[in-house]
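A.B. asks: In this text, residue positions in the sequence shown follow our numbering: the first is 4, and each later residue adds one.
Every residue gets a Cβ at the ideal spot worked out from N, C-alpha and C, and that includes glycine.
For clarity, every value in this text was computed on a predicted model and none was experimentally measured.
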Amino acid sequence: MKKILYITDREEYSEHNFIGPLFEKYLSEYLQVDIVYFSSYKSYLGQKDRCLIIPEFKKKNMFKCLEDNDINISSYDYIIVRNMHDVLKYVLENKNKYNIKVGFRLSFPKITGELERAKAENRSNLVKVINHKLRTYSKSQLINQCDIFLPTSKQMQEVYYPNIKTKIFVIPSAIDPQRLHDKVSRNDKKIIFAYEGTLSKLRNFEVVLEAFCTIKKDNWELHISTKDMEYAKEYVKSSSLNQDKIKISKATTKDELLNFITRCDVGLSLLPDISIFNTSVHLKIMDYYTSGVPSLMSNNAQNSSIFTDEKDAWLCDFNIKAISQKLEKIIDTPKDKIRAMGKAGQERLLDVRNYKIIAKKLSNALNEI
């Protein structure tokens, strides 16, 4: 069985929403997969099952750290780097020495994300724009030295790295067929909307809050799960929304998050019409449908390529009026139809966005390089 070393950009104890199902579980059916995480707390290499935990300060010379612990870099057929362009540069510099095939995984365009956040917070300037172009060009040059490029969508590659010449295999966000949660049935007539994730100026969630303020119906609640509860409370308090309608909590594990979602009726994934949000299907949508909960989501090319409005989801433009109209329509929808939409969306994702299926295709793509 061939071997792959997957070098992530994640801390040892962080939640591995994407890495775990695909690389730890399903890809290991076809390849021996070792996964590198980093730790700010360890001063030595840690090993747990197939996971290698490297001290953060040894990142710049990680191969020496591994070899000092009797791990033969040349034993790997493939090394894939997730997001980190400095680590990719290091791996490419050692590619011939160890006779390895190198891949680069782009889960999210972080360089562009930094610039978009700066714009949203009025911190952008010409220097930041020029720096963004230089860093993007530099990253493109490195990706073209790889044997395979693994973006989250073809659109992401076309928008951010249009000049890539190397082999491309898309790894989209998907659903784990072994982690489906049952939707909790409630007898009340309320429609509970769920939102998971951060609240920030870039996401412009106040547009969604203002849309809730305009609806005339009263039989609804908004439940928010976020890592920064205090910030969320202040954020929501600054809106004119009735505070009794909102409940804020913090899920600390994936199972807690999925259990939070199963107690709700409709998930929210409404994001501004900018490229970093439009070039992939957001992970929170996968979480909603894993729990059998349909989503009100942004009407963009990625989402509409999978979901059909009012069949297995609700698609909506990102403005107060459009969101308000959709919220009113959802609140008027019978609960049995909402549950059926959640089930239909889940079945759709199991067909077209399934980690088990993606793992098989990825193993084939790697064997071909």
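Which runs of the beta strand (DSSP E), 3 residues or longer, sit entirely within the region 207-257?
C.D. replies: 223-228, 249-252
A.B. asks: Helix, strand or coil for asparagine 357, going by three-state DSSP, please let me know.
C.D. replies: The residue labelled residue 357 in the question sits at position 354 within the sequence shown. Three-state result, asparagine 357: strand.
A.B. asks: Give the single residue among Lys240, Ile195, Phe196, Asp221 whose Cα lies nearest to the Cα of glutamate 209.
C.D. replies: Walking along the sequence shown from the start, residue 209 turns up at place 206. Taking only the C-alpha atoms, the option nearest glutamate 209 is Lys240.
A.B. asks: What's the C-alpha gap between lysine 51 and lysine 338?
C.D. replies: Here residue 51 refers to the residue found at position 48 when the sequence shown is read from its first residue. Here residue 338 refers to the residue found at position 335 when the sequence shown is read from its first residue. Cα-Cα distance, rounded: 45 Å.
A.B. asks: Do you know offhand how far threonine 201's Cα is from lysine 230's?
C.D. replies: Your numbering for residue 201 matches position 198 in the sequence shown. Your numbering for residue 230 matches position 227 in the sequence shown. About 7 Å.
A.B. asks: Note down the Cα distance separating asparagine 370 from phenylalanine 172, rounded to an integer number of angstroms.
C.D. replies: In the sequence shown, the residue the question calls residue 370 occupies position 367. In the sequence shown, the residue the question calls residue 172 occupies position 169. Rounded to the nearest angstrom, the two C-alpha atoms are 12 Å apart.
A.B. asks: Let me make sure I understand the geometry here. Which of Glu32, Arg85, Ile74 has the alpha-carbon closest to that of glutamate 14?
C.D. replies: As a position in the sequence shown, residue 14 is number 11, starting the count at 1. Residue Arg85 is the option with its Cα nearest to glutamate 14.
A.B. asks: Given a cut-off of 8 Å, decide if glutamine 158 and alanine 343 are closer than it, judged by their beta-carbon atoms.
C.D. replies: Taking the first residue of the sequence shown as 1, we reach residue 343 at position 340. Taking the first residue of the sequence shown as 1, we reach residue 158 at position 155. Inclusion of alanine 343 and glutamine 158 in the CB contact set at 8 Å is not warranted, their separation being larger than that value.
A.B. asks: Would you tell me roughly how many angstroms separate the C-alpha atoms of tyrosine 47 and aspartate 221, rounded to the nearest one?
C.D. replies: On the sequence shown, position 44 is the one that residue 47 refers to. On the sequence shown, position 218 is the one that residue 221 refers to. Roughly 56 Å separates the two Cα atoms.
A.B. asks: Is the separation between the beta-carbon of isoleucine 7 and that of tyrosine 101 shorter than 8 Å?
C.D. replies: As a position in the sequence shown, residue 7 is number 4, starting the count at 1. As a position in the sequence shown, residue 101 is number 98, starting the count at 1. No; because the gap between Cβ atoms is not below 8 Å, this pair is not in contact.
A.B. asks: Tell me the DSSP secondary structure of threonine 282 in three-state form.
C.D. replies: Sequence index remark: in the sequence shown, residue 282 carries index 279 (1-based). Threonine 282 falls in the coil class under three-state DSSP.
A.B. asks: With a cut-off of 8 Å, do at least 3 Cβ pairs link the region 324-335 to the region 353-368?
C.D. replies: no
A.B. asks: For valine 36, which residues does DSSP report across the bridge?
C.D. replies: Here the question's residue 36 lines up with position 33 in the sequence shown. DSSP lists Ile7 as partners of valine 36.
A.B. asks: May I ask you to report which of helix, strand or coil DSSP gives methionine 300?
C.D. replies: Indexing the sequence shown from 1 puts residue 300 at position 297. Three-state result, methionine 300: strand.
A.B. asks: Run through DSSP, which three-state label would proline 154 get?
C.D. replies: For the purposes of this step, residue 154 is taken as residue 151 along the sequence shown, with counting starting at 1. Three-state DSSP puts proline 154 in a strand.
A.B. asks: Report the CB separation of leucine 299 from cysteine 319 in whole angstroms; it is logged as a contact under 8 Å.
C.D. replies: The residue you call residue 299 lines up with position 296 of the sequence shown. The residue you call residue 319 lines up with position 316 of the sequence shown. About 6 Å; that satisfies the 8 Å criterion.
A.B. asks: Look at the Cβ atom of tyrosine 9, then the Cβ atom of isoleucine 76, and state whether they are nearer than 8 Å.
C.D. replies: Here residue 9 refers to the residue found at position 6 when the sequence shown is read from its first residue. Here residue 76 refers to the residue found at position 73 when the sequence shown is read from its first residue. No, the Cβ-Cβ distance between tyrosine 9 and isoleucine 76 is not below 8 Å.
A.B. asks: How would you write the range of the alpha helix (DSSP H) that glutamine 181 sits in, first residue to last?
C.D. replies: Taking the sequence shown and counting its residues from 1, the one referred to as residue 181 is at position 178. Where glutamine 181 is concerned, there is no enclosing alpha helix (DSSP H), given that its DSSP letter is neither H nor E.
A.B. asks: From the DSSP output, in three-state form, read off cysteine 68 for me.
C.D. replies: Here residue 68 refers to the residue found at position 65 of the sequence shown. Three-state result, cysteine 68: helix.
A.B. asks: Given a cut-off of 8 Å, decide if proline 175 and valine 296 are closer than it, judged by their beta-carbon atoms.
C.D. replies: Looking up residue 296 in the sequence shown gives position 293. Looking up residue 175 in the sequence shown gives position 172. Against a cut-off of 8 Å, the Cβ pair of proline 175 and valine 296 comes out as no contact.
A.B. asks: Whole angstroms is fine: what's the gap from phenylalanine 107's alpha carbon to leucine 153's?
C.D. replies: Looking up residue 107 in the sequence shown gives position 104. Looking up residue 153 in the sequence shown gives position 150. Between phenylalanine 107 and leucine 153, the C-alpha separation is close to 6 Å.
A.B. asks: Please classify serine 188: is it buried, with 16 or more other beta-carbons within 10 angstroms of its beta-carbon, or exposed?
C.D. replies: Indexing the sequence shown from 1 puts residue 188 at position 185. Looking at its Cβ environment, which holds fewer than 16 other Cβ atoms inside 10 Å, serine 188 is exposed.
A.B. asks: According to DSSP, is alanine 121 helix, strand or coil?
C.D. replies: Indexing the sequence shown from 1 puts residue 121 at position 118. Caution is warranted here: a pLDDT of 48 is assigned to alanine 121, below 50, making its placement in the model unreliable, and the coordinate value is therefore given only provisionally. Here alanine 121 sits in helix by DSSP.
A.B. asks: Reducing DSSP to helix, strand and coil, say where phenylalanine 26 ends up.
C.D. replies: Locating residue 26 in the sequence shown gives position 23, where the first residue counts as 1. If DSSP states are grouped into helix, strand and coil, phenylalanine 26 belongs with the helices.
A.B. asks: Serine 272 lies in the alpha helix (DSSP H); which residues open and close that run?
C.D. replies: Numbered from 1 along the sequence shown, position 269 holds the residue referred to as residue 272. For serine 272, no alpha helix (DSSP H) segment is defined; the enclosing uninterrupted segment is the beta strand (DSSP E) at 269-272.
A.B. asks: At the level of alpha carbons, what is the spacing between glutamine 246 and isoleucine 309?
C.D. replies: Numbered from its first residue, the sequence shown carries residue 246 at position 243. Numbered from its first residue, the sequence shown carries residue 309 at position 306. Between glutamine 246 and isoleucine 309, the C-alpha separation is close to 35 Å.
A.B. asks: Mind checking who tyrosine 198 pairs with in its DSSP beta bridge?
C.D. replies: For the purposes of this step, residue 198 is identified with residue 195 of the sequence shown, where counting begins at 1. DSSP lists Ile227 as partners of tyrosine 198.
A.B. asks: Taking all protein chains shown into account, decide if lysine 324 is buried (16 or more other Cβ within 10 angstroms of its Cβ) or exposed.
C.D. replies: The residue you call residue 324 lines up with position 321 of the sequence shown. Looking at its Cβ environment, which holds fewer than 16 other Cβ atoms inside 10 Å, lysine 324 is exposed.
A.B. asks: For the beta strand (DSSP E) that glutamine 148 lies in, which residues bound it at each end?
C.D. replies: Mapped onto the sequence shown, residue 148 falls at position 145. No beta strand (DSSP E) holds glutamine 148; DSSP gives it neither H nor E.
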